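For the sequence shown, this note's numbering begins at -16 and goes up steadily by one.
Below is one structure; the comments refer to it alone.
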Amino acid sequence: MKYLEKQETSDFSGDNLVAGISPHDDFLYAGRVYFPLFRMINTKEVVIFGLTHGTVRKEIGDPKDILILDEFDYWKGPFGNISVSPLREKIKKELGKQYFVINNKAQSLEHSIEALLPFLQYYNRDIKITPIMVTASSLERMDEISSKLSEIISSYINENKLKLGKDIFFLFSSDANHFGKDFSNTPYGEDKAAHLKGTANDKRIADTYFNGSINKEKIEKFTNELWPDSLSNEPKPLWCGRYSIPFGLLTTTKVIKNVTGKDIEGKVLRYSDTWTEKVIPLQNTSLGITAPFSLKHWVGFLSAGFYLR
-16 MKYLEKQETS DFSGDNLVAG ISPHDDFLYA GRVYFPLFRM INTKEVVIFG LTHGTVRKEI
44 GDPKDILILD EFDYWKGPFG NISVSPLREK IKKELGKQYF VINNKAQSLE HSIEALLPFL
104 QYYNRDIKIT PIMVTASSLE RMDEISSKLS EIISSYINEN KLKLGKDIFF LFSSDANHFG
164 KDFSNTPYGE DKAAHLKGTA NDKRIADTYF NGSINKEKIE KFTNELWPDS LSNEPKPLWC
224 GRYSIPFGLL TTTKVIKNVT GKDIEGKVLR YSDTWTEKVI PLQNTSLGIT APFSLKHWVG
284 FLSAGFYLR
């Protein structure tokens, strides 16, 4: 963190910040992109919407149209155990059983939530979390589940007199495009020109859908950009958070509206990718990388903040 603090040249405002998109790629690749978001988060608990990676789906039968919760008493963090918020049990009690499953194995295998915890706990040592894995769903199903879930979260906020941003925060885990033959995703080729086109498209998507006012129409257009279309052979960018982001935004916008009557607006904080960033030059950290970086294999990532309007 000290390295990132020394390297940081931008100053972003955390006033009225209530939610954010975070990467979950290796810290040595994406640390500079995590940093501007997490340094602004000062809260007591966070609802984290993670995703369900393909390797995890294969192990758990590829469930769809549901959320995945766990039963762990705490999660491990670099500064000690991280408590689970009472909100998780409230969700289990009040959300219809048709909308979620409990699967400790899924949460143990999946890394899209746990990757956020070191940065989160560094700035918030007594943080509590509500971890929620999101599976592939139709937009109609997402709208249905998010409406039910947002009522429960809103009730929890009101019952405990929580302040948005200060007492409770929302995070959506996602990396951006996964590019190269390893991902069967080479629409532009595998050279420098292809990298420029691929990252430019990532930036366009982020700027279009995460800057400015956030509403259901914008969320739906985002899904049209990224979700597979059985009627078209047009390649789609491989954002692994293509379900966690829209579900998280749908839920959060409804919670904000329920609790305050207000809307939210977004701001992209930073975008980069593994080929551009390379590896942060730190030694003796016990950190490593889990995948290569090259023009034939790179992953994009971004951080974004969402603010009360």
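Glycine residues also receive a C-beta, built at the ideal position from the N, C-alpha and C atoms.
As the structure is a prediction and not an experimental result, all values here were calculated from the model.
C-alpha of Ile4 to C-alpha of Glu248: approximately 13 Å in a straight line. The secondary-structure analysis by DSSP pairs Arg253 across a beta bridge with Ser286.
Its chain contains Asn86, Lys88 and Ala89 as the residues whose beta carbon lies nearer than 7 Å to that of Ile43, once the 5 sequence neighbours on both sides are disregarded; these appear in chain order. Cβ atoms of Glu93 and Val30 stay farther apart than 8 Å, at about 16 Å.
A contact between stretches requires three or more CB pairs, one per stretch, nearer than 8 Å, and the region 206 to 221 fails this requirement with the region 238 to 257. If you ignore the 5 residues before and after Pro229, its C-beta comes within less than 7 Å of the C-beta of Met125, Ile202, Phe205 and Thr206, all in its own chain and listed in chain order.
Taking 8 Å as the cut-off, the Cβ atoms of Val282 and Leu11 do not count as close. Gln81 counts as exposed, since fewer than 16 other beta carbons sit within 10 angstroms of its beta carbon. Using a C-beta cut-off of 8 Å, the region 120 to 138 makes contact with the region 57 to 76, since at least three inter-stretch Cβ pairs fall below that distance. Below 8 Å, enough C-beta pairs join the region 100 to 119 and the region 45 to 65 to call them touching: three or more.
Closest option to Lys144, judged by alpha-carbon separation, among Leu154, Ala176 and Val242: Val242.
Unbroken alpha helix (DSSP H) runs of no fewer than 4 residues, entirely contained in the region 184 to 268, are found at 199 to 209, 227 to 243 and 257 to 260, following chain order. The shortest C-alpha to C-alpha distance from Lys279 to any of His161, Thr35, Met23 and Tyr(-14) is the one to His161. Three or more beta-carbon pairs drawn from the region 148 to 166 and the region 13 to 29 are found closer than 8 Å, and the two stretches are therefore classed as touching.
For Met125, the enclosing alpha helix (DSSP H) has its first and last residue at Leu122 to Glu142. Scanning its chain for C-beta atoms nearer than 6 Å, with the 5 sequence neighbours on each side dropped, one finds around Glu77 the residues Ile135, in chain order.
Ranked by Cα distance from Trp258, the options Asp212, Pro170 and Ala177 are led by Ala177. Within 10 angstroms of the beta-carbon of Glu260 lie 16 or more other beta-carbons, which makes it buried. Secondary-structure assignment with DSSP links His94 through no beta bridge to anything. DSSP places Lys59 inside the beta strand (DSSP E), whose first and last residues are Tyr57 to Gly60.
Excluding sequence positions up to five before and after Phe284, its CB lies within less than 6 Å of the CB of Pro6, Asp8, Ala13, Val16, Asp158 and Ala159, all in the same chain and listed in chain order. Apart from the 5 residues on each side of it in sequence, Tyr171 sits with its Cβ closer than 7 Å to the Cβ of Ala177, Lys180 and Gly181 in its chain, given in chain order. In the three-state scheme derived from DSSP, where H, G and I count as helix and E and B as strand, His161 is classed as strand.
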